[in-house]
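Number of protein chains: 2
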Amino acid sequence: MIITSHSSNPFPDNVDQMFTHCRMATMAKGNYGIMKNAALAVSGKKISWIGPMDALPETLGTIKVTDCRNQWILPGFVDCHTHLIWAGSRADEFEMRLAGASYADIARAGGGIFSTVTATRAADEDMLFDLASRRMARFLRQGITTVEIKSGYGLDLDTELKMLAVAGRLQKACPQDVSTTFLGAHALPPKFAGRSDDYIKEVVRIMLPEVKDQGIATAVDVFCENIAFSRDQTRQVFEKALALGFAIKLHAEQLSDSNGTALAAQMGALSCDHLEYLSLDGARKMADHGTVAVLLPGAFYYLRETRIPPVEYFRNLRIPMAVATDLNPGSSPVFGMMPVLNMACLLFGLTCEEALAGATINGARALNLADCKGSLEPGKDADFVIWDVDTPADLCYLTGITPLQNVVIGGKTAYVMA
Amino acid sequence: MIITSHSSNPFPDNVDQMFTHCRMATMAKGNYGIMKNAALAVSGKKISWIGPMDALPETLGTIKVTDCRNQWILPGFVDCHTHLIWAGSRADEFEMRLAGASYADIARAGGGIFSTVTATRAADEDMLFDLASRRMARFLRQGITTVEIKSGYGLDLDTELKMLAVAGRLQKACPQDVSTTFLGAHALPPKFAGRSDDYIKEVVRIMLPEVKDQGIATAVDVFCENIAFSRDQTRQVFEKALALGFAIKLHAEQLSDSNGTALAAQMGALSCDHLEYLSLDGARKMADHGTVAVLLPGAFYYLRETRIPPVEYFRNLRIPMAVATDLNPGSSPVFGMMPVLNMACLLFGLTCEEALAGATINGARALNLADCKGSLEPGKDADFVIWDVDTPADLCYLTGITPLQNVVIGGKTAYVMA
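Structural data, given as structure tokens:
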């Protein structure tokens, strides 16, 4: 039996759960999409209906009802750029840098990305899984319901595969959805010093096919930068990745303008990430090809950078802006999305609505998941968070508070605030 | 019976509790003062002994023992500058500003400090107490064990007294110690537009004596700035405050150099706070008179300021630097000390050790409480926090995590992480 209501939006007959008396920012189409005195229905793992309270059927029968007491429901955060799996700590390096140590001093003391590579290579899979699953639990308590995870602290076949295997285990063990990216071309391993083309050959000829065979990543990422890999090397990795059927993404124009963005956009990249030094030409290529701009204010902040990404280009060219934690131990030990929203607003000048769209629907776009994640719309996954706030802007405005009540993922309550 | 150990530091005979197998940053004298494989004894409300594990008596008898499993103990945070009592929200104003609204637009929409004044005047004492006690509970979960609270959102006698009465109730109801400051001269109330001298007269002749009579504040603060009160007006308030026996403090040189600092230092102020525009002359006066520099990076960050306080002056002149949340709804909705430590390091360039000294022993100095708060030393109050971190620098380095295990205040466990 189909229960119809006096809304034009028919109430489905297979509803399992209702969330009633809520305010909602649906974030559909990248806008707040605010609804007040509203309700949301879940059928199985999906949102099946959204509408005003007065459009509900008169009786809800056996449907489980959660009264939201006028609290806000927003889509779960989609964190589209993390390096969540690592071993070791870089707090000492942070402290040394503040005390005046140079990069050379830090390198001599065993710091920098290679300290993370060394610790990650040394850690066994269970230890990495244990460390990473605790980070996933923290993310859950911060309302992050979808997490992209990159490899890239192995820089050798075995460790890259180990990291991706850990990501696969997280997908099974944690309530969140995990999207896995192979980032073998993250940095040049010391063993290949002066032979970066040889390392790229290893990535292309050995690592990529093996990752494909094991089916443990959906996207391939490269760090295109003067301290990492060139445009030409990036192209080689992307050509092979595309031939194998991977989606592609790029760390681009973080510290200088290599114009990797134009290359990646023209090759169909889902996203280009960082983008502080992006040129207008690069931005136009992104617009032409529908590439998402992923902004990472945590890294900008921790590295004490001064040049912000060209937000006006993104606005004028209607390039979707995502925001993400970039969680990593070196440049962004940021364990939640609210600090990122706050920094996106205060450091990069995004509006609250832009920042929230960046952490939801545009984060989903950057992972090619916008058909099922990132907004509250019938047919999408029932991934959402109930917030005890006065206005969605509170999620950008407040520091040191996560005023979250419930996290629902795939229709299941995954976390309830104690 | 006095139990002696083979340490030169005699073990007292009246120990109630021991915290064993810990690492410690005592923060005594403003340094880390790190001890490893150590223990701390509590007698009543006080720390009575600190020493190495191998200096403990062979048997501890009936003493209650907490094994810290090598976790770190640091002094509880002393937050020496907050405006913790208010009603209303300014998230909308934050959002409007990011969306391009001018200060005039915001004022027309009823925003700015006077929106907080209006809401605080309208709220009854119980409502203010309820709002503020929730903030105190958040502070407790962040390891803040001593809290300074200012009035200043009343700007009329009744509301200023109401705020200070709420602070008094918080002192009784919350586990933290509260230090209360009268800040009647925070802003010019609209009723006195164009007549700031008249308002200062009201502060001096009516409010200060009444606050003194009621015994509900220990210090008096003024906002000396071109948008607030002049040096001469500040002097009038301070002269009366000193005559009545209050300690004095100053909001100084935040947005411009009024040289209020020199005045306050010469009059014996405990601290001058903000100080972005402090001159070398002002700094020298602080050094001459032992005034503490209270740095408030939250307000700097939220107001998107660019000029940082002259940290080199403080270092060179050996002026103690405190750091504080400046918790307030307009310019620093920062509900914890870790974000402040992080900003003090990354925005102001403090070392981790300086930032941690700022949030402990130097915060205590800014409240004239250094004889009993702010460091782990025998004879001081047993106010401390057990942290699940690798190094104290983690407290400055991490964003979005509060890796706290236990908070002890006056020898009592006030909070245990769930």
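Chains as they are written, first to last, in our numbering: chain S, 1 to 418; chain A, 1001 to 1418. The beta-carbon is built from N, C-alpha and C at its ideal position, and this holds for glycine as well.
- Residues of chain A whose Cβ lies closer than 8 Å to the Cβ of residue 92 of chain S are, in chain order, 1391, 1393.
- Of the other Cβ atoms in all chains shown, 16 or more fall within 10 Å of the Cβ of residue 217 of chain S; this residue is therefore buried.
- Per DSSP, the beta bridge partners of residue 47 of chain S are S/42.
- Using a CB distance cut-off of 8 Å, residue 142 of chain S counts as an interface residue toward chain A.
- Three or more pairs of CB atoms, one per stretch, sit closer than 8 Å, so the segment 383 to 391 of chain S contacts the segment 400 to 414 of chain S.
- Going by DSSP, residue 196 of chain S is part of the alpha helix (DSSP H) stretching over 196 to 202.
- When DSSP states are grouped into helix, strand and coil, residue 1301 of chain A belongs to the helix group.
- DSSP places residue 1184 of chain A inside the beta strand (DSSP E), whose first and last residues are 1177 to 1185.
- According to the DSSP assignment, residue 1133 of chain A belongs to the alpha helix (DSSP H) that extends over 1125 to 1141.
- Under the Cβ distance rule, residue 1369 of chain A does not count among the residues neighbouring chain S, no pair being separated by less than 8 Å.
- According to the DSSP assignment, residue 214 of chain S belongs to no beta strand (DSSP E) but to the alpha helix (DSSP H) extending over 208 to 214.
- With the criterion set as a beta carbon lying under 7 Å from some beta carbon of chain S, the members of the segment 1301 to 1332 of chain A are 1301, 1302, 1304, in sequence order.
- In the structure shown, residue 1372 of chain A adopts coil according to DSSP, grouped into three states.
- Look at residue 251 of chain S here: in three-state DSSP terms it is strand.
- Shown here, residue 1234 of chain A sits in a helix according to DSSP, grouped into three states.
- Bounds of the alpha helix (DSSP H) holding residue 103 of chain S are 103 to 108.
- The closest CA to that of residue 376 of chain S, considering only S/180, S/399, S/25, S/409, is found on S/25.
- Residue contact check for residue 297 of chain S against chain A: no CB pair falls below 8 Å.
- Residue 1077 of chain A carries a strand assignment under DSSP once its states are collapsed to helix, strand and coil.
- For residue 1049 of chain A, the closest C-alpha among the options A/1019, A/1242, A/1062, A/1273 is that of A/1019.
- With a cutoff of 8 Å on beta-carbon distance, residue 1181 of chain A and residue 1221 of chain A are scored as near each other.
- Excluding sequence positions up to five before and after residue 1031 of chain A, its CB lies within less than 8 Å of the CB of 1353, 1357, all in the same chain and listed in chain order.
- Of all residues in the segment 103 to 135 of chain S, none is placed with a Cβ closer than 7 Å to any Cβ belonging to chain A.
- In this structure the segment 1105 to 1114 of chain A does not lie against the segment 1058 to 1066 of chain A, because fewer than three pairs of beta carbons, one per stretch, are closer than 8 Å.
- A contact between stretches requires three or more CB pairs, one per stretch, nearer than 8 Å, and the segment 117 to 137 of chain S fails this requirement with the segment 92 to 102 of chain S.
- Residue range 1280 to 1289 is occupied by the alpha helix (DSSP H) that includes residue 1281 of chain A.
- Look at residue 1189 of chain A here: in three-state DSSP terms it is coil, with no helix or strand label.
- Within 10 angstroms of the beta-carbon of residue 1064 of chain A lie fewer than 16 other beta-carbons, which makes it exposed.
- Annotation for residue 148 of chain S: the continuous beta strand (DSSP E) segment containing it runs 144 to 150.
- Separation of residue 1291 of chain A and residue 1365 of chain A (C-alpha to C-alpha, rounded to the nearest whole angstrom) is 9 Å.
- Within chain S, 301, 302, 304 have C-beta atoms less than 7 Å from the C-beta of residue 1346 of chain A, given in sequence order.
- Taking a cut-off of 8 Å on C-beta distances, the segment 1154 to 1174 of chain A touches the segment 1114 to 1123 of chain A, as three or more cross pairs fall below it.
- Chain A places no beta carbon closer than 8 Å to that of residue 188 of chain S, leaving this residue out of the contacts.
- Only residues of its own chain outside the window of five on either side were considered, and among them 335, 336 have a CB closer than 8 Å to the CB of residue 138 of chain S, listed in chain order.
- In the three-state scheme derived from DSSP, where H, G and I count as helix and E and B as strand, residue 99 of chain S is classed as coil.
- Residue 306 of chain S is classed as exposed because its beta carbon has fewer than 16 other beta carbons within 10 Å across all chains shown.
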